[in-house]
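Using the working numbering, the letters of the sequence shown correspond one by one to residues 372 to 727. Note sheet for the following structure.
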Amino acid sequence: MKILQRYLLQLFFPVFVITILFFILLLQLGDLFLNLPQYLQNQARFVTLLRVMYLYLPKCISFAMPLSVLFASSYTMGNMYAKNELTSIFASGMPLAVLVAPLVLCGFLLSIGMFYFEDRILIHFQRQKIALVNSILEPQQNLNSSDLVILSESGKVVYFADYYDDNQKELSNVLIVIRTESGDISTVIKGNSAYWQTDHWEVTDKSIYTFTADNDVLYQDSIDEKLFSEPPETFQRNITSIDEMTIAQAKLFINNLKKMGLPYHEYLSQYYRRFSFPFTTFIVLFFSVSIGGRFKKNILLMSLLFSLALAVLYYVTEMMTMLFAKWEYISPLAGAFLPLLIFTFLSIAMLRIART
């Protein structure tokens, strides 16, 4: 590594450390004051609030990392240009791409590190933080659900119910359809309600209709209810978040949604976002090294404004594509990676016209 490249890194990292600490502080205060009235109303202890802030720390690092890298790099490049250091470096014959190569490499390594950091550390902290906050603000969560359609046994058994009571483990106005391997309806069971009995559902006031190969309908008095073994957890209101799962757990969760015939596009786009978001740090470096050298005055203010403007533009674009993926206008993969691709091409274009 050349002396000038080491000099650039020596200027970058102190600013980066101070910036990420500043943004972490802002995020911690924002999260605290957002829920402060509820904390006071529920008489949360000071030690409990400190633990909430501690558990929120990895998430703050994840949010602050791209913005901190963007600000630190743009400020460093702008400050070097204001002091005519960049002009001297370019006059010596060193291209911009060579100068910032170690910085871009650091951004790539940070992106790889953030991916594993989020999957191995952040998820566990976030899960504990959400559980702790819910215990303070919502001691009893409502898991009841309504208008249910659940596919079980790879679609061979279909449950319809108007309402599920989690406390009583009861399905109201239940209809169970059993299908053959070819998808034809074999048996229909209709009942006023169904109660969970250790390992199966017991249907009350049931009517059983069996369809024969000759298109006749036969009425039965009884049926082996051991067939109805879908666990009650399947019928609960879904409060699961991909942000609380590891990559492997999220993949298994989405596969289960597909098997049960439930909507999964939103969760799948969030799953893909887990792969795309860490590389935001790498992309923003391209913008900062190409734009940062254009600031001649008010370097600190202009770098901060540029960082905030670019962050807002990126997150708004990502929010729109994720919504389109949720509404199935675009694929979940496009919803997660389209903002990354758009800003990658923009950053490369800006780098090509940057001063060098």
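Where is the CB? At the ideal position from N, CA and C, for every residue including glycine.
Check	Outcome
May I ask which residues mark the beginning and end of the beta strand (DSSP E) holding E573?	H571 to T575
Just how far apart, CA to CA, sit Q641 and Y590?	47 Å
In or out: D490 buried (at least 16 other Cβ within 10 Å) or exposed?	buried
Got a sec, what are the start and stop residues for the alpha helix (DSSP H) F383 sits in?	I374 to Q412
Quick check: the Cα distance between S444 and R644, rounded to an integer number of angstroms?	25 Å
Which residue or residues does DSSP assign as beta-bridge partners of K430?	Note: K430 sits in no beta bridge, so no partner.
What are the boundary residues of the beta strand (DSSP E) that includes N544?	E541 to R550
Within its chain, find whatever has a CB closer than 7 Å to the CB of K577; leave out the 5 residues flanking it on each side and keep chain order.	I560, K561 and G562
According to DSSP, which residues form a beta bridge with V588?	F582
Excluding the 5 residues preceding and the 5 following I579 in the sequence, name in chain order all residues of the same chain whose CB lies nearer than 6 Å to its CB.	I560, Q591 and I594
Under 8 Å: do the region 485-502 and the region 414-431 share three or more Cβ pairs, one atom per stretch?	yes
Along the chain, where does the alpha helix (DSSP H) that runs through G554 open and close?	Taken as a continuous stretch (DSSP letters only), G554 belongs to no alpha helix (DSSP H), as it is neither H nor E.
To the nearest whole angstrom, what separates the beta carbons of F479 and F695, a pair I think is in contact under 8 Å?	That pair is no contact at about 28 Å.
What first and last residue would you give for the beta strand (DSSP E) that runs through L519?	S516 to S523
Measure from the alpha carbon of A705 to the alpha carbon of each residue in W698, T692, Y685 and A435, then state which is nearest.	T692
Can you name, in chain order, every residue of its own chain whose Cβ lies under 7 Å from the Cβ of H571, other than the five neighbours on each side?	E596, K597, F599 and S600
Taking the alpha helix (DSSP H) that F646 belongs to, which residues open and close that run?	H636 to S647
Three or more C-beta pairs closer than 8 Å, one from the region 621-637 and one from the region 407-421: is that the case here?	no
Would you call the CB atoms of V729 and V475 closer than 9 Å?	For the chain, the structure presents residues 372 to 727; residue 729 sits outside this window and is missing.
What are the boundary residues of the beta strand (DSSP E) that F653 is part of?	F653 -> not in any beta strand (DSSP E); alpha helix (DSSP H) instead, spanning T651 to I662.
On the CB-based measure, 16 or more other CB atoms within 10 Å of its CB, does Y452 come out buried or exposed?	buried
In angstroms with no decimal places, state the Cα-to-Cα distance between P385 and E604.	50 Å
By the three-class DSSP mapping on this structure, what secondary structure does Y700 have?	coil
Helix, strand or coil: which one does DSSP assign to S444?	helix
Classify F716 as buried or exposed, calling it buried when 16 or more other Cβ atoms lie within 10 Å of its own Cβ.	exposed
Taking the alpha helix (DSSP H) that A415 belongs to, which residues open and close that run?	No alpha helix (DSSP H) holds A415; DSSP gives it neither H nor E.
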